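Notes follow the structure.
2 protein chains.
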Amino acid sequence: MEHDQSSRTLTEKAYRALRHDIVIGALQPRAKLKLDELCSRYEVGHAPLREALARLVGEFLVVSEGQRGFWVAPLSLEELHSVNRLRTLVEVEALQDSIRLGDEAWERDVRDAFTALASIEQDILHRGAIMDSPHADEWEACNERFHSALIAACGSPTYLNIRATLYRRAERYRRVARKFERDVHEEHVSLFEATIDRNALRACRLTEHHIARRVDGILRHAGEHTDWR
Amino acid sequence: MEHDQSSRTLTEKAYRALRHDIVIGALQPRAKLKLDELCSRYEVGHAPLREALARLVGEFLVVSEGQRGFWVAPLSLEELHSVNRLRTLVEVEALQDSIRLGDEAWERDVRDAFTALASIEQDILHRGAIMDSPHADEWEACNERFHSALIAACGSPTYLNIRATLYRRAERYRRVARKFERDVHEEHVSLFEATIDRNALRACRLTEHHIARRVDGILRHAGEHTDWR
DNA sequence: GGGATATAAAATATCGATTTTTTATTGACT
DNA sequence: AGTCAATAAAAAATCGATATTTTATATCCC
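Top to bottom, those sequences are chains V and D. Counting from 1, one number per residue, gives the positions in the first sequence under the numbering used here. Counting from 230, one number per residue, gives the positions in the second sequence under the numbering used here.
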């Protein structure tokens, strides 16, 4: 039996599972992370679990206080804005480089990722635009793949890594607003077209606009119900 | 006996020590981090050491491969440029907000930090501008305090945290170039004055210029001798 | 009754030993 | 000689038990 990179060690298994559950909100913001509870939940011992938690502390998804334990990092309006602002800066810079440097293989990946994303988005729109959990998972995966593909050719692993961590932090907020907006799809179409046309200026403007609109959407649909401080 | 936050747990102790040794280069880029060796070096057991390493993986100072262990993250031209570019973006954004929002207490902190930094820099210039290890430590601490103070009033913990991690990643490169340039001091003076004058536009331009010049300096003094890939 | 103090329970942090995996070494075979 | 396989050594990963610290509870005194 083969094991891929993500299940080679129990630490990695615990890390993936914890990260997933925090990002999708199964473990709620500010929730106390009790070690014994998590050990049985994920079927790992103390050592790998604590390692996974420590790594998530480094990624700002978990907070810890010496001798007092671990908590799921809280959500806040401040973080929502800051993370998406930084994401914008990073994606705009990287997209410029990617459009300049990308070859045919990159273009193909972008097309493939867009096709998959567009297909799911039309599906969701047909169904009435309410995202239940499996649809949200599917859409998030495709959305991540598309945005990741756009900047994949930027030539900077550093940018790609930072973007990935910012994206996950932003996803926690998206998951709260479960309504899918038609605009999102239209924005993806324009962004795709501008990128394939190698119109860097337009693609960057669209990226800025896209992320800003998503923040607005999150505030609109989820703002009143949450206790973000 | 009182213990401050940084020495409450062995994990924290190991984390600080490891981070310090990586940042200053005592543990060289790409060095294999053997667990037993580090355990005796820092006088901690396996568990806290591995936790510290996991956290550093999350901060991009250590890389790990399942079942194969840990290494000090390599240096590269790509990372040097990317990290400093991101730092610029973050510091410029945060500085704008800080200048807009900062009160008298902030202004005092900026003045104090600048005074301390300027005094050390003049000291170093008198001595011939070669930084040995203790001087470099002293200067780095003051430089960090000054740049941190500038943006402290920006109102965004998220920005401050990200800036801190980017700053440490950049410090690894600065530590290689041991010559202190007179320009650095002059740039700090201008940046300080523009900030106190609440001239946000000028302060941001100076920040961009300052960081770009530092990258140039690093490349000039250290570029030929290193094996960055 | 209220507040400080001692005690008990819960949870975290840590260690030392064991298991598993990787890496290095040796020796056989073509 | 060079490749492959088997074996030995090294290192990482994990577990289970213990020590330490924090938090909750109950008790006593004013």
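Glycine included, every Cβ here is placed at the ideal spot set by N, Cα and C. Since the structure is predicted, the reported quantities are computational estimates derived from the model, not experimental observations.
Rounded C-alpha distance that separates residue i from residue j
i, j, result
"TYR42(V)", "ARG316(D)", "37 Å"
"ILE425(D)", "ASP445(D)", "27 Å"
"PRO363(D)", "VAL63(V)", "33 Å"
"GLU422(D)", "ARG442(D)", "19 Å"
"ILE359(D)", "ALA365(D)", "9 Å"
"GLU104(V)", "CYS204(V)", "20 Å"
"LEU389(D)", "ASN84(V)", "15 Å"
"GLY254(D)", "ARG356(D)", "23 Å"
"ARG411(D)", "HIS417(D)", "10 Å"
"GLY102(V)", "SER311(D)", "18 Å"
"TYR244(D)", "HIS275(D)", "13 Å"
"VAL252(D)", "ALA164(V)", "24 Å"
"ARG175(V)", "GLN28(V)", "11 Å"
"GLU518(D)", "HIS454(D)", "Residue 518(D) cannot be examined here, being either before or after the span of chain D that is shown, 230 to 458."
"LEU38(V)", "LEU49(V)", "8 Å"
"VAL301(D)", "ARG220(V)", "44 Å"
"HIS147(V)", "ASP338(D)", "41 Å"
"LEU282(D)", "THR11(V)", "12 Å"
"ALA246(D)", "ALA222(V)", "42 Å"
"GLN5(V)", "ASP361(D)", "Because the pLDDT at GLN5(V) is just 49, under 50, the model does not fix this residue reliably, and the value given afterwards should be weighed accordingly. GLN5(V) and ASP361(D): Cα-Cα distance of roughly 43 Å."
"ASN396(D)", "ILE447(D)", "Note on residue identity: the sequence assigns Tyr, not Asn, to residue 396(D). One C-alpha to the other measures close to 15 Å."
"GLU93(V)", "GLU208(V)", "11 Å"
"PRO74(V)", "GLU65(V)", "14 Å"
Residue-chain proximity (residue i, chain V), Cβ-Cβ < 9 Å
i, result
"TYR225(D)", "Absent from the structure is residue 225(D), since the part of chain D shown begins at 230 and ends at 458."
"SER348(D)", "no"
"VAL444(D)", "no"
"GLY295(D)", "yes"
"LEU264(D)", "no"
"THR455(D)", "no"
"PHE343(D)", "no"
"GLY298(D)", "no"
"VAL319(D)", "yes"
"LEU315(D)", "yes"
"THR238(D)", "yes"
"GLU280(D)", "yes"
"ALA276(D)", "yes"
Beta carbon proximity, residue i to chain D, threshold 9 Å
i, result
"ARG55(V)", "yes"
"GLN28(V)", "no"
"HIS81(V)", "yes"
"GLY155(V)", "yes"
"LEU95(V)", "no"
"GLY102(V)", "no"
"GLY25(V)", "no"
"PHE60(V)", "yes"
"ILE218(V)", "no"
Where residue i falls, given that 16 or more other Cβ within 10 Å makes a residue buried
i, result
"LYS179(V)", "exposed"
"LEU264(D)", "exposed"
"SER40(V)", "exposed"
"ILE124(V)", "buried"
"ARG68(V)", "exposed"
"PRO157(V)", "exposed"
"ARG55(V)", "buried"
"HIS20(V)", "exposed"
"ARG401(D)", "buried"
"LEU420(D)", "buried"
"ARG30(V)", "exposed"
"LYS261(D)", "exposed"
"LEU430(D)", "exposed"
Uninterrupted alpha helix (DSSP H) stretches inside the stretch 97-178 of chain V (no shorter than 4 residues): Within the stretch 97-178 of chain V, the complete alpha helix (DSSP H) runs of at least 4 residues are 104-127, 133-151, 157-174.
Segment contact flag, the stretch 95-110 of chain V with the stretch 150-157 of chain V, C-beta cutoff 8 Å, min 3 pairs: Between the stretch 95-110 of chain V and the stretch 150-157 of chain V there are three or more C-beta pairs closer than 8 Å, enough to call the two in contact.
Pairing CB atoms from the stretch 365-372 of chain D with CB atoms from the stretch 337-356 of chain D, are three or more of them under 8 Å? The stretch 365-372 of chain D vs the stretch 337-356 of chain D: in contact.
Is the stretch 55-73 of chain V in contact with the stretch 104-114 of chain V, if contact means three or more CB pairs nearer than 8 Å? No, the stretch 55-73 of chain V does not touch the stretch 104-114 of chain V.
Under 8 Å: do the stretch 301-312 of chain D and the stretch 445-458 of chain D share three or more Cβ pairs, one atom per stretch? The stretch 301-312 of chain D is in contact with the stretch 445-458 of chain D.
Would you list, in sequence order, the uninterrupted alpha helix (DSSP H) runs of no fewer than 4 residues that lie entirely inside the stretch 16-79 of chain V? Here the runs fully enclosed are 35-42, 46-58.
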